[in-house]
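*Asks:* Residue numbering for the sequence shown is 20 to 150, as defined by our numbering. Yeah, the Cβ is synthetic: ideal placement off N, Cα and C, and Gly gets one too.
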Amino acid sequence: MRLCLRCHSRVHLGNGRGFGRHVEVMDATGTIVPRFDLMCACLDCDVESGGTNDHAEWISKVECGELHSVEIDGNGWIAHVTRDKVWFEGLYGQGDGGEVTFNQFIFALQTYIRFLADPERKPIEVEFPAQ
Numbered sequence: 020m021r022l023c024l025r026c027h028s029r030v031h032l033g034n035g036r037g038f039g040r041h042v043e044v045m046d047a048t049g050t051i052v053p054r055f056d057l058m059c060a061c062l063d064c065d066v067e068s069g070g071t072n073d074h075a076e077w078i079s080k081v082e083c084g085e086l087h088s089v090e091i092d093g094n095g096w097i098a099h100v101t102r103d104k105v106w107f108e109g110l111y112g113q114g115d116g117g118e119v120t121f122n123q124f125i126f127a128l129q130t131y132i133r134f135l136a137d138p139e140r141k142p143i144e145v146e147f148p149a150q
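1. Mind checking who residue 25 pairs with in its DSSP beta bridge?
2. Per DSSP, what are the beta-bridge partners of residue 119 in this structure?
3. Please state if the CB of residue 94 and the CB of residue 59 are separated by a distance shorter than 8 Å.
4. Enumerate in chain order the residues of its own chain whose CB-to-CB distance from residue 104 is below 8 Å, with the five nearest sequence positions on each side excluded.
5. Can you tell me which of the three DSSP states residue 99 falls into?
6. By a C-beta neighbour count over all protein chains shown, 10 Å radius and 16 as the cutoff for buried, is residue 128 buried or exposed?
7. In three-state DSSP terms, what is residue 215?
8. Nearest-angstrom Cα distance between residue 146 and residue 87?
9. Are the CB atoms of residue 23 and residue 144 within a distance shorter than 8 Å?
10. Mark residue 48 as exposed unless 16 or more other C-beta atoms lie within 10 angstroms of its C-beta, in which case mark it buried.
11. State the start and end residues of the unbroken beta strand (DSSP E) segment that holds residue 89.
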């Protein structure tokens, strides 16, 4: 299945549902893929609220083998990171699980940071790794 990572400005969802996320993973039909919801929610909440440096610093320690695993405690989420996988724990009952590969998480994080660094916040849509 071909997947796409999309970063874009928030949109109002209507019907009292609030605003959509800045980051989401979709399939070829443009439908949001639910198995990536927790990863996207974590990135949207914790990275945008200033956790960029914390995430990058801890992840690099896992990536180079200095640490086997880390728990990155953010504004609303804990990201459990190993060299193989990443899973998420909502601090306020948003959900637990949502396992993704380390490579998928790194790709999404780097793409989202690139989006946030753009003062114009131009949309980014790129193919997302299946593994």
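*Replies:* A quick look at the data gives this:
1. Beta-bridge pairing links residue 25 to 43, 144.
2. 105
3. no
4. 118, 119, 120, 121
5. strand
6. buried
7. There is no way to answer for residue 215, as the model of the chain reaches only from 20 to 150.
8. Whole-angstrom Cα-Cα distance: 29 Å.
9. yes
10. exposed
11. 88-92
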